[in-house]
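21 is the number of the first residue of the sequence shown in my numbering; add one for each residue after it.
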Amino acid sequence: TPVGFSTTGQQGVVATTSGPLAVQAGIQALRAGGTAMDAALTVALAQVVLHGGGATSYAGQLAVFYFDAANKNVEALNASYATVLGEDDPLTIPVYGNPSGRAVLTPGFMAGVEAAHHRYGSLPFSSLFDPAIYFASEGFPVSAGFRALLESRKQVITRLPSGRAIFLGENGEFPAVGSTFKQPDVATFLGKVAEQGADYVYKGPWAEKFVKAVQKHDGKISKQDLNSYQAEWGTPLHARINGHDVYGGGGLLEVLRLAELAGMGKSAHYSQNANSLYEMIRISRVGQVLGPNIAGDSLSPEIIHKALPQIVLASPDRYTDENAAAIYKAMSTPAWAQLEKQAEA
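Listed below in C-alpha coordinates is the structure:
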(Lines of atoms letter the chains of each structure in order from A and count residues from 1; the text may use other names and numbers.)
(Lines give C-alpha, C1' and ligand atoms only; values in the text may rest on other atoms or scores of the structure.)
Protein backbone atom coordinates (compact mmCIF):
# COMPACT_ATOMS: atom_id res chain seq x y z
CA THR A 1 0.00 0.00 0.00
CA PRO A 2 1.69 3.23 -1.12
CA VAL A 3 1.44 5.48 1.92
CA GLY A 4 4.28 7.30 3.62
CA PHE A 5 4.65 9.79 6.44
CA SER A 6 7.73 11.77 7.41
CA THR A 7 8.43 14.67 9.72
CA THR A 8 10.10 17.94 8.81
CA GLY A 9 11.42 20.44 11.34
CA GLN A 10 9.90 20.13 14.79
CA GLN A 11 6.52 18.89 13.68
CA GLY A 12 4.50 18.19 10.58
CA VAL A 13 3.44 15.33 8.39
CA VAL A 14 3.84 14.70 4.69
CA ALA A 15 1.63 12.08 3.04
CA THR A 16 1.82 10.51 -0.39
CA THR A 17 -1.31 8.57 -1.30
CA SER A 18 -3.75 7.88 -4.09
CA GLY A 19 -5.85 10.99 -3.43
CA PRO A 20 -6.67 14.02 -1.27
CA LEU A 21 -9.61 12.35 0.48
CA ALA A 22 -7.26 9.76 1.96
CA VAL A 23 -4.89 12.50 3.09
CA GLN A 24 -7.77 14.31 4.77
CA ALA A 25 -8.66 11.12 6.62
CA GLY A 26 -5.13 10.98 8.02
CA ILE A 27 -5.27 14.62 9.08
CA GLN A 28 -8.52 13.98 10.94
CA ALA A 29 -6.86 11.08 12.78
CA LEU A 30 -4.09 13.43 13.94
CA ARG A 31 -6.59 16.07 15.03
CA ALA A 32 -8.38 13.41 17.07
CA GLY A 33 -5.18 12.91 19.04
CA GLY A 34 -3.83 9.98 17.11
CA THR A 35 -0.19 9.17 16.53
CA ALA A 36 1.58 9.26 13.19
CA MET A 37 0.94 5.52 13.01
CA ASP A 38 -2.78 6.01 13.53
CA ALA A 39 -2.77 8.55 10.70
CA ALA A 40 -0.76 6.36 8.33
CA LEU A 41 -2.99 3.35 8.91
CA THR A 42 -6.15 5.42 8.51
CA VAL A 43 -4.84 6.67 5.18
CA ALA A 44 -3.85 3.19 4.05
CA LEU A 45 -7.29 1.79 4.83
CA ALA A 46 -9.09 4.68 3.14
CA GLN A 47 -7.05 4.74 -0.01
CA VAL A 48 -7.81 1.11 -0.90
CA VAL A 49 -11.50 2.06 -1.07
CA LEU A 50 -10.68 5.19 -3.05
CA HIS A 51 -8.51 3.15 -5.40
CA GLY A 52 -11.23 0.57 -6.03
CA GLY A 53 -10.37 -1.64 -8.96
CA GLY A 54 -6.69 -0.77 -8.71
CA ALA A 55 -3.80 -2.97 -7.71
CA THR A 56 -3.99 -2.11 -3.99
CA SER A 57 -6.08 -4.52 -1.95
CA TYR A 58 -7.10 -5.51 1.56
CA ALA A 59 -5.88 -8.95 0.50
CA GLY A 60 -2.51 -7.38 -0.26
CA GLN A 61 0.51 -6.51 1.82
CA LEU A 62 1.82 -3.76 4.10
CA ALA A 63 5.32 -2.51 4.81
CA VAL A 64 6.02 -0.01 7.60
CA PHE A 65 9.11 1.97 8.54
CA TYR A 66 8.56 3.79 11.82
CA PHE A 67 10.72 6.25 13.74
CA ASP A 68 9.92 6.29 17.45
CA ALA A 69 10.92 9.79 18.56
CA ALA A 70 10.78 8.83 22.24
CA ASN A 71 13.73 6.44 22.06
CA LYS A 72 15.20 7.43 18.67
CA ASN A 73 14.55 3.92 17.42
CA VAL A 74 13.69 2.92 13.85
CA GLU A 75 11.70 -0.25 13.28
CA ALA A 76 10.33 -2.03 10.25
CA LEU A 77 7.18 -4.12 10.06
CA ASN A 78 7.08 -6.81 7.42
CA ALA A 79 3.51 -7.72 6.57
CA SER A 80 4.26 -8.80 3.04
CA TYR A 81 2.82 -11.80 1.22
CA ALA A 82 3.68 -15.26 2.53
CA THR A 83 4.18 -18.23 0.24
CA VAL A 84 1.50 -20.91 0.26
CA LEU A 85 2.50 -23.91 2.38
CA GLY A 86 0.95 -26.43 0.00
CA GLU A 87 2.56 -25.05 -3.16
CA ASP A 88 5.11 -27.74 -3.99
CA ASP A 89 5.78 -26.93 -7.65
CA PRO A 90 6.12 -23.13 -7.94
CA LEU A 91 7.84 -23.22 -11.33
CA THR A 92 4.57 -24.40 -12.89
CA ILE A 93 2.53 -21.45 -11.60
CA PRO A 94 1.02 -19.65 -14.62
CA VAL A 95 2.90 -16.48 -15.51
CA TYR A 96 1.43 -12.99 -15.08
CA GLY A 97 -1.47 -12.39 -17.44
CA ASN A 98 -2.84 -15.90 -17.02
CA PRO A 99 -5.34 -15.77 -14.11
CA SER A 100 -4.87 -18.61 -11.66
CA GLY A 101 -5.54 -19.24 -7.99
CA ARG A 102 -2.03 -20.65 -7.75
CA ALA A 103 -0.65 -17.14 -8.16
CA VAL A 104 -2.48 -16.00 -5.00
CA LEU A 105 -0.30 -15.60 -1.91
CA THR A 106 -1.23 -15.32 1.76
CA PRO A 107 -2.15 -11.68 2.39
CA GLY A 108 -0.50 -9.65 5.14
CA PHE A 109 -2.25 -6.28 5.01
CA MET A 110 -4.77 -6.59 7.84
CA ALA A 111 -2.36 -8.45 10.10
CA GLY A 112 0.08 -5.60 9.52
CA VAL A 113 -2.51 -2.94 10.32
CA GLU A 114 -3.34 -4.64 13.60
CA ALA A 115 0.30 -5.21 14.57
CA ALA A 116 1.30 -1.63 13.75
CA HIS A 117 -1.61 -0.18 15.69
CA HIS A 118 -0.94 -2.43 18.68
CA ARG A 119 2.61 -1.14 19.00
CA TYR A 120 2.33 2.52 18.07
CA GLY A 121 -1.35 3.47 17.88
CA SER A 122 -3.35 5.38 20.48
CA LEU A 123 -6.80 5.77 18.92
CA PRO A 124 -9.34 2.94 19.22
CA PHE A 125 -8.63 0.33 16.55
CA SER A 126 -12.11 0.59 15.10
CA SER A 127 -11.78 4.35 14.56
CA LEU A 128 -9.04 3.77 11.97
CA PHE A 129 -11.69 2.22 9.72
CA ASP A 130 -14.28 5.00 9.97
CA PRO A 131 -13.20 7.03 6.91
CA ALA A 132 -12.79 3.92 4.76
CA ILE A 133 -16.23 2.65 5.78
CA TYR A 134 -17.74 6.06 5.03
CA PHE A 135 -16.18 6.25 1.56
CA ALA A 136 -17.32 2.70 0.81
CA SER A 137 -20.91 3.06 2.05
CA GLU A 138 -21.65 6.67 1.07
CA GLY A 139 -19.43 6.65 -1.99
CA PHE A 140 -17.13 9.20 -3.56
CA PRO A 141 -17.25 11.25 -6.79
CA VAL A 142 -15.99 9.50 -9.90
CA SER A 143 -13.21 11.60 -11.38
CA ALA A 144 -11.82 11.36 -14.87
CA GLY A 145 -8.71 9.78 -13.39
CA PHE A 146 -10.68 7.12 -11.51
CA ARG A 147 -12.73 6.33 -14.61
CA ALA A 148 -9.50 5.97 -16.58
CA LEU A 149 -8.17 3.61 -13.90
CA LEU A 150 -11.22 1.38 -14.27
CA GLU A 151 -10.88 1.37 -18.06
CA SER A 152 -7.20 0.40 -17.80
CA ARG A 153 -8.09 -2.49 -15.46
CA LYS A 154 -11.23 -3.61 -17.31
CA GLN A 155 -9.91 -7.01 -18.33
CA VAL A 156 -9.02 -7.79 -14.72
CA ILE A 157 -11.92 -6.37 -12.73
CA THR A 158 -14.71 -7.54 -15.04
CA ARG A 159 -13.38 -11.05 -15.65
CA LEU A 160 -15.66 -12.61 -13.02
CA PRO A 161 -19.37 -12.02 -12.31
CA SER A 162 -18.55 -10.63 -8.86
CA GLY A 163 -16.34 -7.94 -10.39
CA ARG A 164 -18.92 -7.02 -12.99
CA ALA A 165 -21.54 -6.63 -10.25
CA ILE A 166 -19.31 -4.15 -8.41
CA PHE A 167 -18.00 -2.02 -11.24
CA LEU A 168 -20.58 -2.16 -14.03
CA GLY A 169 -23.98 -0.52 -13.94
CA GLU A 170 -27.21 -1.89 -15.37
CA ASN A 171 -26.10 -0.57 -18.76
CA GLY A 172 -22.94 -2.65 -18.59
CA GLU A 173 -20.74 0.45 -18.35
CA PHE A 174 -18.39 1.80 -15.72
CA PRO A 175 -19.78 4.64 -13.57
CA ALA A 176 -19.83 7.99 -15.37
CA VAL A 177 -17.54 10.87 -14.42
CA GLY A 178 -19.32 12.96 -11.81
CA SER A 179 -21.46 10.11 -10.49
CA THR A 180 -21.05 8.58 -7.02
CA PHE A 181 -19.35 5.20 -6.71
CA LYS A 182 -20.37 3.08 -3.71
CA GLN A 183 -19.03 -0.24 -2.43
CA PRO A 184 -21.53 -1.49 0.20
CA ASP A 185 -20.04 -4.99 0.45
CA VAL A 186 -16.62 -3.48 1.18
CA ALA A 187 -18.18 -1.31 3.89
CA THR A 188 -19.69 -4.41 5.51
CA PHE A 189 -16.36 -6.23 5.35
CA LEU A 190 -14.48 -3.31 6.92
CA GLY A 191 -17.06 -3.04 9.67
CA LYS A 192 -16.48 -6.68 10.57
CA VAL A 193 -12.70 -6.20 10.75
CA ALA A 194 -13.10 -3.01 12.79
CA GLU A 195 -15.26 -4.91 15.26
CA GLN A 196 -13.52 -8.29 15.38
CA GLY A 197 -9.93 -7.40 14.47
CA ALA A 198 -7.68 -9.15 11.98
CA ASP A 199 -8.95 -12.53 13.18
CA TYR A 200 -11.99 -11.97 10.97
CA VAL A 201 -9.66 -12.11 7.96
CA TYR A 202 -7.34 -14.87 9.11
CA LYS A 203 -9.57 -17.13 11.22
CA GLY A 204 -13.15 -16.02 10.63
CA PRO A 205 -15.81 -16.22 7.91
CA TRP A 206 -13.82 -14.13 5.44
CA ALA A 207 -10.93 -16.59 5.65
CA GLU A 208 -13.21 -19.46 4.67
CA LYS A 209 -14.66 -17.54 1.71
CA PHE A 210 -11.20 -16.49 0.56
CA VAL A 211 -9.83 -20.03 0.64
CA LYS A 212 -12.83 -21.42 -1.23
CA ALA A 213 -12.61 -18.73 -3.90
CA VAL A 214 -8.90 -19.30 -4.48
CA GLN A 215 -9.20 -23.08 -4.49
CA LYS A 216 -12.06 -22.83 -7.01
CA HIS A 217 -9.48 -21.43 -9.42
CA ASP A 218 -6.90 -24.17 -8.76
CA GLY A 219 -5.12 -22.38 -5.90
CA LYS A 220 -3.42 -24.40 -3.18
CA ILE A 221 -3.95 -21.96 -0.32
CA SER A 222 -5.57 -23.36 2.83
CA LYS A 223 -6.98 -22.09 6.12
CA GLN A 224 -3.68 -23.09 7.71
CA ASP A 225 -1.89 -20.49 5.59
CA LEU A 226 -4.16 -17.77 6.97
CA ASN A 227 -4.31 -19.08 10.53
CA SER A 228 -0.52 -19.23 10.85
CA TYR A 229 0.27 -15.85 9.27
CA GLN A 230 2.31 -13.46 11.43
CA ALA A 231 3.48 -9.92 10.68
CA GLU A 232 7.06 -9.49 11.87
CA TRP A 233 8.91 -6.54 13.40
CA GLY A 234 12.61 -6.10 12.71
CA THR A 235 15.43 -3.63 12.16
CA PRO A 236 15.38 -2.02 8.71
CA LEU A 237 18.42 -1.69 6.49
CA HIS A 238 20.41 1.48 7.09
CA ALA A 239 22.85 3.60 5.13
CA ARG A 240 24.70 6.86 5.70
CA ILE A 241 24.18 8.87 2.52
CA ASN A 242 25.35 12.44 1.99
CA GLY A 243 25.65 12.84 5.74
CA HIS A 244 22.14 11.61 6.48
CA ASP A 245 20.90 8.40 8.08
CA VAL A 246 18.57 6.67 5.64
CA TYR A 247 16.43 3.63 6.45
CA GLY A 248 14.48 1.64 3.93
CA GLY A 249 14.40 -1.26 1.55
CA GLY A 250 17.54 -2.54 -0.09
CA GLY A 251 16.61 -1.32 -3.56
CA LEU A 252 16.07 2.23 -2.32
CA LEU A 253 19.36 2.31 -0.43
CA GLU A 254 21.22 0.90 -3.42
CA VAL A 255 19.91 3.60 -5.75
CA LEU A 256 20.74 6.35 -3.26
CA ARG A 257 24.26 4.98 -2.74
CA LEU A 258 24.83 4.92 -6.48
CA ALA A 259 23.48 8.46 -6.82
CA GLU A 260 25.93 9.61 -4.16
CA LEU A 261 28.83 7.90 -5.92
CA ALA A 262 27.76 9.58 -9.16
CA GLY A 263 27.87 12.97 -7.45
CA MET A 264 24.20 13.63 -8.00
CA GLY A 265 23.04 16.46 -5.77
CA LYS A 266 26.37 18.20 -6.12
CA SER A 267 26.44 18.35 -9.91
CA ALA A 268 24.02 20.26 -12.13
CA HIS A 269 20.38 19.18 -12.09
CA TYR A 270 19.52 16.49 -14.63
CA SER A 271 17.02 18.80 -16.32
CA GLN A 272 19.85 21.21 -17.07
CA ASN A 273 22.77 18.89 -17.69
CA ALA A 274 23.08 15.96 -20.12
CA ASN A 275 25.73 14.16 -18.05
CA SER A 276 23.54 14.28 -14.93
CA LEU A 277 20.61 12.95 -16.93
CA TYR A 278 22.75 10.14 -18.31
CA GLU A 279 23.91 9.17 -14.81
CA MET A 280 20.33 9.13 -13.53
CA ILE A 281 19.22 6.90 -16.41
CA ARG A 282 22.10 4.48 -15.83
CA ILE A 283 21.28 4.22 -12.14
CA SER A 284 17.57 3.75 -12.79
CA ARG A 285 18.39 0.73 -14.98
CA VAL A 286 20.44 -1.11 -12.36
CA GLY A 287 17.39 -3.00 -11.12
CA GLN A 288 16.64 -4.11 -14.67
CA VAL A 289 20.10 -5.61 -14.96
CA LEU A 290 20.59 -7.07 -11.51
CA GLY A 291 16.96 -7.74 -10.56
CA PRO A 292 14.54 -8.28 -9.04
CA ASN A 293 12.69 -6.33 -11.68
CA ILE A 294 8.89 -6.17 -11.51
CA ALA A 295 8.67 -4.67 -14.98
CA GLY A 296 10.00 -7.75 -16.72
CA ASP A 297 12.27 -10.75 -16.52
CA SER A 298 15.62 -10.23 -14.84
CA LEU A 299 18.83 -11.89 -15.86
CA SER A 300 19.71 -15.08 -14.02
CA PRO A 301 22.27 -14.81 -11.20
CA GLU A 302 24.53 -17.19 -13.12
CA ILE A 303 24.74 -14.86 -16.13
CA ILE A 304 25.48 -11.84 -13.94
CA HIS A 305 28.10 -13.63 -11.85
CA LYS A 306 29.90 -14.89 -14.93
CA ALA A 307 30.13 -11.38 -16.37
CA LEU A 308 30.77 -9.54 -13.11
CA PRO A 309 32.03 -11.94 -10.42
CA GLN A 310 32.91 -9.08 -8.05
CA ILE A 311 29.26 -8.10 -7.52
CA VAL A 312 27.28 -9.73 -4.71
CA LEU A 313 23.62 -10.43 -5.53
CA ALA A 314 22.36 -12.02 -2.32
CA SER A 315 21.17 -10.08 0.73
CA PRO A 316 22.35 -8.70 3.07
CA ASP A 317 25.73 -8.10 1.37
CA ARG A 318 23.97 -6.95 -1.79
CA TYR A 319 23.05 -3.67 -0.09
CA THR A 320 26.36 -2.53 1.40
CA ASP A 321 28.58 0.45 0.64
CA GLU A 322 31.25 -1.90 -0.70
CA ASN A 323 28.91 -3.66 -3.10
CA ALA A 324 27.44 -0.36 -4.31
CA ALA A 325 30.97 0.80 -5.12
CA ALA A 326 31.60 -2.43 -7.04
CA ILE A 327 28.34 -1.98 -8.99
CA TYR A 328 29.13 1.64 -9.83
CA LYS A 329 32.59 0.70 -11.07
CA ALA A 330 31.16 -2.16 -13.13
CA MET A 331 28.61 0.16 -14.77
CA SER A 332 31.41 1.66 -16.87
CA THR A 333 32.63 -1.67 -18.25
CA PRO A 334 31.84 -3.43 -21.55
CA ALA A 335 30.51 -6.38 -19.53
CA TRP A 336 27.83 -4.16 -17.99
CA ALA A 337 26.86 -2.77 -21.39
CA GLN A 338 26.41 -6.32 -22.63
CA LEU A 339 24.26 -7.23 -19.64
CA GLU A 340 22.07 -4.19 -20.32
CA LYS A 341 21.49 -5.39 -23.87
CA GLN A 342 20.60 -8.88 -22.65
CA ALA A 343 18.21 -7.47 -20.03
CA GLU A 344 16.40 -5.48 -22.72
CA ALA A 345 16.12 -8.42 -25.12
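By construction, the Cβ of each residue, glycine as well, lies at the ideal position given by its N, Cα and C atoms. What you are looking at is a predicted structure, and each value in this text was computed from that prediction instead of being measured.
query: Proximity below 7 Å, CB of L170 to CB of F201; result: no
query: Identified DSSP bridge partners for L272; result: Answer is none; L272 lacks a bridge partner.
query: Closest by C-alpha distance to A131, when choosing among K361, H258, L319, A79; result: A79
query: Range covered by the alpha helix (DSSP H) that runs through A89; result: That residue, A89, is in no alpha helix (DSSP H); it is neither H nor E in DSSP.
query: Residue range of the beta strand (DSSP E) that includes E252; result: 252 to 254
query: Inter-residue Cα distance where the pair is D341 and P354; result: 23 Å
query: Cut-off 7 Å between Cβ atoms - residues of its own chain near Y290, not counting five sequence neighbours on either side; result: S296, L297, M300
query: The segment 53 to 69 contacting the segment 178 to 197, beta-carbon criterion three pairs below 8 Å; result: no
query: R277 to A344 span [Cα, whole Å]; result: 6 Å
query: Test item: CB-CB of T61 and A251 under 7 Å; result: With the sequence shown as reference, residue 61 is identified as Leu, and Thr is not the correct amino acid for it. No, Cβ-Cβ distance for L61 and A251 is not below 7 Å.
query: Contact between the segment 145 to 154 and the segment 42 to 55 (3+ Cβ pairs under 8 Å); result: yes
query: Burial state of Y86, where buried means 16 or more other Cβ atoms lie within 10 Å; result: buried
query: Any beta strand (DSSP E) of 3 or more consecutive residues that is wholly inside the segment 222 to 303; result: 252 to 254, 257 to 261, 264 to 268
query: Beta-bridge partners of P195, as assigned by DSSP; result: According to DSSP, P195 bridges with nothing at all.
query: DSSP-derived helix/strand/coil call for A66; result: helix
query: Same chain, Cβ closer than 8 Å to A315, five either side skipped, listed in chain order; result: Any reading at A315 must be qualified, since the residue scores a pLDDT of 41, below 50, and its modelled position is unreliable; the value itself is stated next. Same-chain partners within the cutoff: Q308.
query: Pair within 7 Å by beta-carbon distance, L273 and A259; result: yes
query: K286 versus N262 - alpha carbon distance; result: 10 Å
query: Burial state of H237 (16 or more Cβ within 10 Å); result: exposed
query: Simplified DSSP assignment, three categories, for T126; result: strand
query: Inter-residue Cα distance where the pair is G311 and A363; result: 10 Å
query: Spatial distance of N293 from V275 (CA atoms); result: 20 Å
query: Which residues DSSP lists as bridging I98, in chain order; result: It should be noted that the sequence gives Asn, not Ile, for residue 98. Answer is A83, E252, bridged to N98.
query: R139 versus R51, E95, I113, P161, residue with shortest Cα-Cα distance; result: E95
query: Under the three-state DSSP convention, the category T353 falls into; result: coil
query: Burial state of H264 (16 or more Cβ within 10 Å); result: exposed
query: Nearest neighbour of L328, chosen from L319, D337, Y339, A350 [CA to CA]; result: A350
query: Exposure of G254, with buried meaning 16 or more beta-carbon neighbours within 10 Å; result: exposed
query: Cα-Cα separation, H137 to Y101; result: 19 Å
query: One or two residues paired with T200 in a DSSP bridge; result: P161
query: Where the alpha helix (DSSP H) containing H325 begins and where it ends; result: 321 to 327
query: Secondary structure of R305, DSSP reduced to three states; result: coil
query: Element boundaries [alpha helix (DSSP H), containing F187]; result: 181 to 187
query: G239 and V162 closer than 7 Å at C-beta; result: no
query: Secondary structure of I331, DSSP reduced to three states; result: coil
query: Residue of F145, I177, G183 minimising C-alpha distance to T55; result: F145
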